[in-house]
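The block underneath contains the structure these notes are about, expressed in structure tokens.
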Amino acid sequence: MKQIIYIIALFGLCVFTANAQNSYSDFLQSIEDNNTTLKAYREQNNATKIGNRTGITLANPEVEFAYLWGSPKEATSHRTNLDITQSFDFPTAYRFKSQLADGKNRQADIVYDQQRREILQEARLLYTELVYQKKMNDVLTQRLGYAKELSEAYQKRFDKGDIDILERNKTRLNYLNDEKALQLNQVEIDALNQELQRLNGGIPIDVKTTDGYVGYVMERNFPEWFDKVKENNPAIRMAEQEVTLSRKQEQLTRALNLPKITAGYTSERVPGETLQGFSIGVSIPLWEGRNTVKHQKAQTVALQMQHLDMQMQFRNVLQKQHDKALKLSGMLTEYEKILETTSSRELLKKALDKGQLSLINYLLELSVYYETVDKYLETERDYQLAVTEMVQWER
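1280 is the number of the first residue of the sequence shown in our numbering; add one for each residue after it.
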């Protein structure tokens, strides 16, 4: 029987976790679908791709027509010329142009992916902050209830003449401070909801934070984790793509420095005679392309160095974030142990009621306990923010 109950409980936990993940996934999907900035980026991406496919075909053909009449006016002779020409780059240039355009389109997709990730990451961080503020809201609401209860009790004692006005005023000030803290907290919650609505394209979004923070499991072995995620950074992929495009540009530059070809049809007509035929011309690449290939090679080397530097910088940043998350995790554990052994509000209230604590000492001890709880919640939030900064690279 116990085994059946355990299985049912485990199943319920799995369903709860799945629902939490689904609601969070739905939240992010809504941001991605409705965000107006992302919509603009998508259209810009499409426009960029179309632009990348321009200028990779043959040049326009040229048609030249000339009519020449004789002189003096009495002359009856005239001449008509017609020239049609088409210029060509060296044939391999068109293949490299097409490959370069495809590479630029892949680059455009990487740019969009980076923009998309930045907006979704902003949403994740706002969500984490909102969870924290709502947790604080629950705590502050409870504190306000306790403060109100204490203030009302001391007001009754004051009315009976059991305490002086100073004692009563202390409880009223305590209630006022807790009330204002809750109001400020609500201001923060409203501001966060407005920010999330902005990210959702101005559409109100019901952010379900009742499940708390998203249950990320942080990989403790940093080298193994980094090897899994290092290719997911769009900035790294962008730098790598820049190197690829630069190498392709080298090939195109060489092809463009090869002789260009011009072919055409030409005709000349005079009274009683017509001359027509084909023409062909070849450019001689002597000066125009000088140093262009050399420059492109140097550009490729520079981009390779930038790619390596970006990889190193990315690793260092993630290493710091990983270390920070581990330290915050340790601090959380310490706070949990402290809160388990520290006098709770209920114990302090019992001591106050029994006369073991004066009101001033009760409020002092209570403020220390509240401060510890606040620090715990802040540390929990900072840990979740640190983990969120890392988890963004896992997808």
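Virtual Cβ for every residue (Gly too), placed ideally from N, Cα, C.
Asked	Found
Expected contact under 8 angstroms - CB spacing of residue 1389 and residue 1520 to nearest Å	6 angstroms
Under 8 angstroms between C-beta atoms of residue 1461 and residue 1423	yes
Proximity below 8 angstroms, CB of residue 1499 to CB of residue 1671	no
Exposure label - residue 1386; buried when at least 16 CB within 10 Å	buried
Residue 1666 versus residue 1527: straight-line alpha-carbon distance, rounded	39 angstroms
Buried versus exposed, by CB contacts within 10 Å (16 or more), residue 1552	exposed
Neighbourhood of residue 1572 by C-beta distance below 6 angstroms, restricted to the same chain and skipping five residues each side	1532, 1533
Cut-off 7 angstroms between Cβ atoms - residues of its own chain near residue 1664, not counting five sequence neighbours on either side	1404, 1407
Spatial distance of residue 1487 from residue 1413 (CA atoms)	11 angstroms
Integer Cβ distance of residue 1508 from residue 1583, believed to fall under 8 angstroms	About 22 angstroms separates the two Cβ atoms, so there is no contact after all.
Alpha carbon of residue 1482 to alpha carbon of residue 1314, nearest angstrom	9 angstroms
Short Cβ contact (8 angstroms threshold) for residue 1497 with residue 1597	no
Cβ neighbour criterion (16 or more within 10 Å) applied to residue 1341	exposed
Start and end residues, beta strand (DSSP E) containing residue 1549	1540 to 1549
Beta-carbon proximity check, residue 1524 vs residue 1568, cutoff 8 angstroms	no
Secondary structure of residue 1559, DSSP reduced to three states	strand
Distance, residue 1589 Cα to residue 1450 Cα	58 angstroms
Own chain residues within Cβ distance below 8 angstroms of residue 1357, not counting five before or after	1346, 1347, 1348, 1349, 1549, 1550
Distance between residue 1636 and residue 1419 (C-alpha atoms, nearest Å)	23 angstroms
Spatial neighbours of residue 1300 in its chain, beta-carbon cut-off 7 angstroms, leaving aside the 5 residues before and after	With a pLDDT of 46 at residue 1300, under the threshold of 50, the modelled position of that residue is not reliable, and the figure given next carries that caveat. Once the five neighbours on either side are set aside, residue 1300 has no close Cβ partner at all.
Status (buried if at least 16 other CB within 10 Å, exposed otherwise) for residue 1557	exposed
DSSP state of residue 1386 mapped onto helix, strand, coil	helix
6 angstroms Cβ shell around residue 1511 - same chain, five flanking residues per side excluded	1672
Buried versus exposed, by CB contacts within 10 Å (16 or more), residue 1513	buried
Rounded separation between residue 1608 and residue 1472 - CA only	28 angstroms
Cα-Cα separation, residue 1476 to residue 1630	47 angstroms
Beta-carbon proximity check, residue 1456 vs residue 1415, cutoff 8 angstroms	no
First through last residue of the beta strand (DSSP E) which encompasses residue 1623	Residue 1623 -> no beta strand (DSSP E), and no H or E assigned at all.
Beta-carbon contacts of residue 1562 that lie in its chain and below 6 angstroms, excluding the five residues immediately before and after	1538, 1539
Residue 1517 versus residue 1335: straight-line alpha-carbon distance, rounded	23 angstroms
Buried or exposed by the 16-neighbour rule on C-beta atoms within 10 Å, applied to residue 1306	buried
With 16 other Cβ atoms within 10 Å as the buried cut-off, status of residue 1515	buried
Nearest-angstrom Cα separation, counted from residue 1442 out to residue 1436	6 angstroms
Any non-hydrogen atom of the ligand HEM within 7 angstroms of residue 1338 CB	Of ligands this structure carries none, so the ligand HEM is not represented either.
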